[in-house]
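Quick notes on the structure that follows.
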Amino acid sequence: MMNFQSFLSHHGVLLALLVSMVSIGCGGSKNPAANEQEDVPIVFNTPDTYKDSNSTGPDVRDSHVDDDAVDTIDLDSEPETTNDRLTPADELSSDDGSTSDDGTDADVLGPCAPNDANCVCESDDDCDQSFNQPCLVNRCDEGLCRLDPQPLEGQACDDDNACTTGDICQNGACVGTKFTCQCQNDEECDNGNPCTDNFCRNGYCAWDYNAAPCDNGDPCTTNDFCSNGRCVEGDFICECRNDGQCNDNNPCTTDRCSLGHCQHDFNTARCDDGDPCTKNDTCSNGVCVPGEFICDCRVDSDCDDDNLCTNDSCVSGSCRYINNTNTCDDGDECTVNDKCINGVCTGTDTCECRKDEDCPGANPCYKATCQLTTHTCVYQILTGPCDDGDVCTVGDYCENGVCVPGEDRCECRVATDCEKNPNPCLDTVCQSDYTCGTRPKTGPCDTGKPCTSGDYCSAGVCVAGQAICADCGDGACFRPDENCLNCPADCGQCPPNETDCGNGFDDDADGLTDCLDPDCVGVAPCPQTSCDTVEGTLACGGQLTGQYNSVRRISGTGCGKSLGYYYSKVFSFTAPHTGTLKVQVTNTSNQTDKFNVFILGGICNAETCLALGCNGATECPNPWAQTTMIKGAQYFFVVGDDNPPETGRYSIQAICE
Numbered sequence: 003m004m005n006f007q008s009f010l011s012h013h014g015v016l017l018a019l020l021v022s023m024v025s026i027g028c029g030g031s032k033n034p035a036a037n038e039q040e041d042v043p044i045v046f047n048t049p050d051t052y053k054d055s056n057s058t059g060p061d062v063r064d065s066h067v068d069d070d071a072v073d074t075i076d077l078d079s080e081p082e083t084t085n086d087r088l089t090p091a092d093e094l095s096s097d098d099g100s101t102s103d104d105g106t107d108a109d110v111l112g113p114c115a116p117n118d119a120n121c122v123c124e125s126d127d128d129c130d131q132s133f134n135q136p137c138l139v140n141r142c143d144e145g146l147c148r149l150d151p152q153p154l155e156g157q158a159c160d161d162d163n164a165c166t167t168g169d170i171c172q173n174g175a176c177v178g179t180k181f182t183c184q185c186q187n188d189e190e191c192d193n194g195n196p197c198t199d200n201f202c203r204n205g206y207c208a209w210d211y212n213a214a215p216c217d218n219g220d221p222c223t224t225n226d227f228c229s230n231g232r233c234v235e236g237d238f239i240c241e242c243r244n245d246g247q248c249n250d251n252n253p254c255t256t257d258r259c260s261l262g263h264c265q266h267d268f269n270t271a272r273c274d275d276g277d278p279c280t281k282n283d284t285c286s287n288g289v290c291v292p293g294e295f296i297c298d299c300r301v302d303s304d305c306d307d308d309n310l311c312t313n314d315s316c317v318s319g320s321c322r323y324i325n326n327t328n329t330c331d332d333g334d335e336c337t338v339n340d341k342c343i344n345g346v347c348t349g350t351d352t353c354e355c356r357k358d359e360d361c362p363g364a365n366p367c368y369k370a371t372c373q374l375t376t377h378t379c380v381y382q383i384l385t386g387p388c389d390d391g392d393v394c395t396v397g398d399y400c401e402n403g404v405c406v407p408g409e410d411r412c413e414c415r416v417a418t419d420c421e422k423n424p425n426p427c428l429d430t431v432c433q434s435d436y437t438c439g440t441r442p443k444t445g446p447c448d449t450g451k452p453c454t455s456g457d458y459c460s461a462g463v464c465v466a467g468q469a470i471c472a473d474c475g476d477g478a479c480f481r482p483d484e485n486c487l488n489c490p491a492d493c494g495q496c497p498p499n500e501t502d503c504g505n506g507f508d509d510d511a512d513g514l515t516d517c518l519d520p521d522c523v524g525v526a527p528c529p530q531t532s533c534d535t536v537e538g539t540l541a542c543g544g545q546l547t548g549q550y551n552s553v554r555r556i557s558g559t560g561c562g563k564s565l566g567y568y569y570s571k572v573f574s575f576t577a578p579h580t581g582t583l584k585v586q587v588t589n590t591s592n593q594t595d596k597f598n599v600f601i602l603g604g605i606c607n608a609e610t611c612l613a614l615g616c617n618g619a620t621e622c623p624n625p626w627a628q629t630t631m632i633k634g635a636q637y638f639f640v641v642g643d644d645n646p647p648e649t650g651r652y653s654i655q656a657i658c659e
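This is the structure in structure tokens:
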């Protein structure tokens, strides 16, 4: 059965019309004054009617009747008389709209709805509290239940608006202060995360984690679930998650994970086929293809060296050859019992020879021939000239199978074959033409003078060193540091000639000492010069010619050998500077004369010989006579021959360095 409140809500207009009709039609009342009152249409105010414009609750619904024909009952107006009130039973007797009127005016006691004139209350308990609102209380006021704001005035309330704060009751309405808020309802707080429950609390969004099922978007997982606000994957149902899980250990495939499934794409990368004998291996169709072969062999047969005396094998790409001791055949008819020894087929040799060189004892006078049919040596004694291999002999000849040396034309073969030169500043040498000669040397020497120290060899002469006896001006002349030039106070004025040819000093200060000074020629102890006639003067780079036509001799011993040479001409030379002097004589005729050239120092005497050169014969390999020259010194060049007089022509030249 429909309750009274619902009845009023749905049939309020109809009930008002019925009440109006009863009031007019019946005309009776317990209060005569009331019968004289103006008929006032009555509208039953439902709870919605008392919501003011500031309330966020249900809106006032007054569209059931015309605004001009209906007045709202004032809460402070006097209630209708009891006789004027109708009960719902008086208005509607059944759900089908039929009415029932038993002719009685009995009042209805609560619980009463607000402003229900047909329901009498005696206390607040008779008022239906279900009509209470946040700021209105259904109270009994002089027998009529009214919605009264006074009891809740100023008290806190909730206007159901999340965007207000400090809500309090004012004149029956719940009023709050508006503020800018984030949300007004839960739907506005949807963050799109299925793993949070979203709420609008006091105008702000809040979220609580849930454990609901979800979908993490990964097609490779199923039964995903929420945990701590995120969708956690459930069961993994695919083959892979990343490229690393697809490694097939094949360098010739590029492995990747695509949509949960492994893909193995062929590549052309460098690879290693595991064979140490290949390099630059590359991938093709997923397989490592061997590159260049770099080893000696693959199999044993690759190592065959065609040697029966080695066992050939291929080990790790390298050929290995191991000597064996097998029997073999060396193909030599002269050997028997052939056997492999140290990798070589070796047999016992039964033949005397295989070629002429195998026959012992052969020499230029004893010919040996190997008979190839019998492999035996046949010897033959030869006659005639031969060469014993000695450059100093000429006319060698064969005799009884031996090469007999001919005439020995060499003066020496080593320096000890030569007579030693007494000059301490000249070394005796055997020259390249096998003749004896001298060579200036350096180093200390002794002039025999008591007042010098540090004497030294220079250009084949022993030069006095530092004077250690006295200084110039002490009244004593100490040679050679003191002389007539640098110390005339002690030594006096320079004489025109050498005064003592045996004292070891340059008395006249002309740079020539004792026998090297022409002043001493023939003066004891100096010998008489043999070069009594100087027939030409040479200069550096100069050249003179002549014909060998003299029988004059130079006596004495020079350049390590007894001169005794015939000579034709003597040439003089004065050194323009200190350096090397070379003199060469050349045979300009077609004769076989052997010309010699001597360099004599100071005076034209054999004892002053400094160097010897020769030309014109094969046994004279050194054509130059060479020595060290001193600036201002005089030298003599002598052209001679140790044979009887010849008539060949020659040229002589001097080279200065």
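Taken in order, the sequence shown gives residues 3 to 659; the numbers are from my numbering. Glycine included, C-beta positions come from ideal geometry on N, C-alpha and C. Quantities reported herein were computed from a predicted structural model and do not represent experimental measurements.
- DSSP, read as helix, strand or coil, puts Gln-545 in strand.
- By the Cβ neighbour-count rule, Glu-413 is buried, with 16 or more other Cβ atoms within 10 Å of its own.
- The alpha-carbon of Cys-242 is positioned some 10 Å away from that of Gln-265.
- Annotated three-state conformation of Asp-512 is coil, per DSSP.
- Secondary structure at Glu-401: strand, using DSSP grouped into helix, strand and coil.
- Per DSSP, the unbroken beta strand (DSSP E) holding Pro-442 starts and ends at 438-442.
- Taking a 10 Å sphere around the C-beta of Arg-141, we find 16 or more other C-beta atoms and assign the residue as buried.
- The C-beta separation of Phe-597 from Tyr-652 comes to about 5 Å, placing the pair in contact by the 8 Å criterion.
- Within the segment 173-230, the runs of beta strand (DSSP E) at least 3 residues long that lie entirely inside it are, in chain order, 175-180, 198-203, 206-211 and 227-229.
- By the CB criterion at 8 Å, Cys-311 and Asn-326 fall inside the cutoff.
- Counting along the chain, Asp-492 sits inside the alpha helix (DSSP H) bounded by residues 490-493.
- Between Trp-209 and the set Arg-203, Gly-219 and Thr-198, the nearest pair of CA atoms involves Thr-198.
- The alpha-carbon of Glu-189 is positioned some 45 Å away from that of Cys-248.
- If you ignore the 5 residues before and after Gln-373, its C-beta comes within less than 7 Å of the C-beta of Val-380, all in its own chain and listed in chain order.
- Note that the C-beta distance between Cys-658 and Cys-542 is below 8 Å.
- Shown here for Ser-303: not one same chain residue has a beta carbon closer than 7 Å to its own, the five before and five after excluded.
- Glu-124 carries a coil assignment under DSSP once its states are collapsed to helix, strand and coil.
- Under the DSSP assignment, His-266 falls in the beta strand (DSSP E) whose first and last residues are 263-268.
- With a threshold of 16 other beta carbon atoms within 10 Å, Pro-151 meets it and is buried.
- Cys-336 and Asp-351 do touch by the CB rule: their CB atoms are close to 6 Å apart, below 8 Å.
- Secondary structure of Ser-434 (DSSP, three-state): coil.
- For Gln-586, the secondary structure class from DSSP, reduced to helix, strand or coil, is strand.
- Taking C-alpha positions only, Thr-440 is separated from Phe-575 by approximately 20 Å.
- Secondary structure of Pro-446 (DSSP, three-state): strand.
- According to the DSSP assignment, Gln-382 belongs to the beta strand (DSSP E) that extends over 378-383.
- Taking 8 Å as the cut-off, the Cβ atoms of Lys-180 and Cys-191 do not count as close.
- The C-alpha of Lys-357 is placed about 14 Å away from the C-alpha of Asp-334.
- In the structure shown, Phe-575 falls within a strand segment according to DSSP collapsed to helix, strand and coil.
- In the three-state reduction of the DSSP assignment, Pro-424 falls in the coil class.
- DSSP, read as helix, strand or coil, puts Gly-246 in helix.
- Beta-carbon to beta-carbon, Cys-347 and Cys-321 are separated by about 20 Å, too far to satisfy the 8 Å threshold.
- For Lys-369, the enclosing beta strand (DSSP E) covers residues 368-373.
- By DSSP's assignment, Glu-294 forms a beta bridge with Lys-281.
- For Ser-653, the enclosing beta strand (DSSP E) has its first and last residue at 651-658.
- The straight-line gap separating the alpha-carbon atoms of Gln-382 and Asp-410 is approximately 28 Å.
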